[in-house]
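Report on the structure given below.
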Amino acid sequence: MPASVSGHDKIILFDGVCNLCSAFLNFVYKFDDQAQFKFTWIQEERGTEILQWLGIPTENYKTIVYIENGRAFFKSTAFLKIVKYLKFPWPMLQAGSILPRRIRDWLYDIVAANRYRIFGKKDACLLPTGELKSRFL
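If you count the sequence shown from 1, position 103 lands on 97 in this note's numbering, and the numbers rise without skipping.
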């Protein structure tokens, strides 16, 4: 386990150039009242190190990764686990878990495959400032 993972209960890896992913990061940050989550971009050294540890390709990245107590979750399962810890009403989105994972992940894959075309892409990762910066690994 990479040193960046140990000592942090809840870590979210994001695609730092994806506008949709950046918006989701800001959403999580805003509704994480207890500052439980730590963040990292997959394009940064720590993010790449974690992806390699998990055996995930560092190129052509198409999933959010959520690590809770050293265990990794991906795609729709990662999303559902994350919203569980946010301020009400967002934990209600866990109702989506009634759908079989295969269907949830199929829908997730459609959005992920088209996220740059629909939501756009930045040339570089957002540089966090202030309190948000302290939440990055």
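For each residue, glycine too, the CB sits at the ideal point set by N, CA and C.
Source: prediction; values computed, not measured.
Put simply, the backbone Cα of Gly1 is about 33 Å away from that of Trp100. Contact annotation: the stretch 1 to 21 touches the stretch 37 to 53, with at least three C-beta pairs closer than 8 Å. Along the stretch 43 to 121, the alpha helix (DSSP H) occurs as fully enclosed runs of 4 or more residues at 69 to 77 and 95 to 113, listed in sequence order.
For Lys32, DSSP records a beta bridge to Ile5. Minimum Cα-Cα distance from Ala29 among the listed residues Phe21, Ala107 and Trp35 corresponds to Phe21. Under DSSP, the beta-bridge partners assigned to Phe130 are Phe33. With respect to the C-alpha of Leu74, the residue from Gly64, Tyr60 and Arg65 having the closest C-alpha is Tyr60. Three or more Cβ pairs drawn from the stretch 23 to 37 and the stretch 124 to 131 lie within less than 8 Å of each other, which places the two stretches in contact.
Glu125 counts as exposed, since fewer than 16 other C-beta atoms from the protein chains shown sit within 10 angstroms of its C-beta. Per the DSSP secondary-structure output, Cys12 pairs in a beta bridge with Lys115.
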